[in-house]
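Quick mapping for you: the protein sequence lines, in order, are chains D and P. Residue 61 in my numbering sits at position 61 of the first sequence, with consecutive numbering throughout. Take any residue in the second sequence, note its place counting from 1, add 93, and you have its number in my numbering. Even for Gly, the Cβ is constructed at its ideal location relative to N, Cα and C. Quick caveat: nothing in here was measured; it's all calculated off a predicted structure. What follows is a set of notes on a single structure, which appears directly below.
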Amino acid sequence: MKNWPLYEIFIRSKQGLHHKHVGSLHATDSTMAMENARDVYTRRQEGVSIWVVESKHITASNPDDSEELFDPAADKVYRHPTFYDLPDELKHM
Amino acid sequence: MTKLKYILQLADTALILGHRLSEWTGHGPILEQDMALTNIALDLVGQARSLYQHAAEVEGKGRTEDDLAYLRTTTDFLNPLIVEIPNGNFGDTIARQFFFDVYNHTFYTELQKSKDATLSAIAEKSLKEVKYHLRYSSDWMRRLGDGTEESHQKIQTAVDSIWMYTGELTTMNEVEKEMLSEGIGVNLESIKPIWTEKVKAVLAEATLTMPESTWMQSGGKDGKHTEHLGFILAEMQHLQRTHPGATW
């Protein structure tokens, strides 16, 4: 069982919201991962939809690359849409 | 009162199997399966509570669900033997669960038509849970049967040794016959072929051999139990008997 692959679990808590990473678990295949996810992560009505994906299929950014990946965005405030005057009636922008 | 006995039989069945599965808590092969078995245990104990509450109401003598679960003795319990046999290894537990789930799923489907409105409602609610139990145990049957040589051999041994307890599930006793005639109970004779078909199909997919033996153990539904039930009750009822009326 130590060799069982790791799966990442994503749960959508409500219709209309997006799936959110909630954790990981071990399973032999995606069917079992789905059942395990249901049993481990949705016991308290946390979700209406589950995605499971084997961890090895996720390519993650390297923390060592943070400087070149993320720092350049720091001084480019003009990329935020904060320079428009919005009418008061407009919510959720 | 026959109806009371019938409801108690259903309640005892759910409670004892729920208790058996709860024994896996903290002992599951891995965390995920530990939780899966515990979830099923909780579903079953929940079903048992609804049934005991209904039984207490039908009896009308002021006894509560706790009295019925914790203050009756082995010969009062009316569950079929299959739910009280020990957990064994993980495969034994899965095989027992699978045989029971196939039965339970078909049973609750039929019980929805009961003339007793409460039983019908409990059946409808429980069916959602039982559908998942059946999916879980069927998947594991296929996985273990069609897995490694060792897992195949272990689950086949489990199937063979538990087989003699399966017949009682679909064999009617006097109480069940009377309840059927009153439109309250389920016709187990009609469930039997469905059970056999479904079990056969999953065992075939799992590359397992279906036992041919027709000799079956029985007696649990009439209060004649294996020695195991006494030990279960000793542990399960200990607190309530030592501190009567104890609450949280």
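Simplified DSSP assignment, three categories, for D/Trp-51:
strand
Within 9 Å (strictly less), CB to CB, does D/Val-53 reach chain P?
no
Taking DSSP as the reference, what is the three-state secondary structure of D/Glu-8?
strand
Given P/Pro-179, which residues of its chain have a CB within under 7 Å of its CB, disregarding the five upstream and five downstream residues?
His-321
Can you tell me where the beta strand (DSSP E) holding D/Gly-23 begins and where it ends?
20 to 26
Under a three-way DSSP split, which group does D/Ile-58 fall into?
coil
Looking at P/Ala-299: is its Cβ nearer than 9 Å to the Cβ of P/Gly-238?
yes
Under 8 Å by beta carbon: chain D residues contacting P/Ile-229:
Per the sequence presented here, residue 229 of chain P reads as Tyr, with Ile not at that position. The contacting residues are Glu-35.
Let's test the definition: count the other Cβ atoms within 10 Å of the Cβ of P/Pro-173 and tell me whether it reaches 16, buried, or not, exposed.
buried
Here's the rule: buried if 16 or more other CB atoms are within 10 angstroms of the residue's CB, otherwise exposed. What is D/Arg-38?
buried
Quick one: what's got a C-beta closer than 7 Å to P/His-336's C-beta in the same chain, skipping five residues either side?
none
In chain order, each alpha helix (DSSP H) run of at least 4 residues that lies wholly inside the region 252 to 288 of chain P:
267 to 274
Between P/Ile-175 and P/Arg-165, which are expected to be in contact by the criterion C-beta below 8 Å, what is the C-beta distance as a whole number of angstroms?
Not really, about 20 Å apart at Cβ, beyond 8 Å.
Does chain D have any CB closer than 9 Å to the CB of P/Ile-325?
no
Does the distance from the C-beta atom of P/Thr-211 to that of P/His-147 stay below 9 Å?
yes
How is P/Leu-318 classed by DSSP in three states: helix, strand or coil?
As written in the sequence, residue 318 of chain P is His, which differs from the Leu given in the question. Of the three classes helix, strand and coil, the one that applies to P/His-318 here is coil, per DSSP.
Of all the residues that make up the region 118 to 136 of chain P, which are near chain D by a beta-carbon distance shorter than 7 Å?
Pro-122, Ile-123, Glu-125, Met-128, Ala-129 and Asn-132
Backbone secondary structure at P/Trp-117 - three-state DSSP
coil
For P/His-198 versus P/Leu-171, is the C-beta distance shorter than 9 Å?
no
Using the Cβ count rule (16 or more neighbours within 10 Å means buried), how would you classify P/Ala-297?
exposed
Who are the neighbours of P/Phe-236 on chain D, taking C-beta pairs under 8 Å?
One point to set straight first is that residue 236 of chain P is Arg, not Phe, in the sequence displayed. Per Cβ cutoff of 8 Å: Thr-28 and Met-32.
Given that a residue counts as buried once 16 or more other Cβ atoms are within 10 Å of its Cβ, and exposed if not, what is P/Asn-182?
exposed
Given 8 Å as the limit, is there contact between the region 21 to 37 of chain D and the region 232 to 247 of chain P, that is, 3 or more CB pairs closer than that?
yes
With a cut-off of 8 Å, do at least 3 Cβ pairs link the region 130 to 141 of chain P to the region 99 to 114 of chain P?
yes
Chain P contacts made by the region 39 to 50 of chain D, where a contact means CB separation under 8 Å:
Asp-39, Val-40 and Arg-43
The alpha helix (DSSP H) spanning P/Val-223 covers which residue range?
210 to 238
Determine, using beta carbons only, whether P/Asp-209 comes closer than 9 Å to chain D.
no
Just how far apart, CA to CA, sit P/Ile-123 and P/Met-272?
42 Å
Buried or exposed: which applies to P/Ser-283, given that a residue is buried once 16 or more other Cβ atoms fall within 10 Å of its Cβ?
exposed
Beta-carbon of D/Leu-25 versus every beta-carbon of chain P: anything under 9 Å?
yes
Near-chain D residues of the region 251 to 274 of chain P - C-beta to any C-beta below 7 Å
none
Residues of chain D with CB under 8 Å from P/Asp-315, in chain order?
The contacting residues do not exist; P/Asp-315 stays about 36 Å from chain D at best.
Do you know how far the Cα of P/Leu-130 is from the Cα of P/Thr-95?
33 Å
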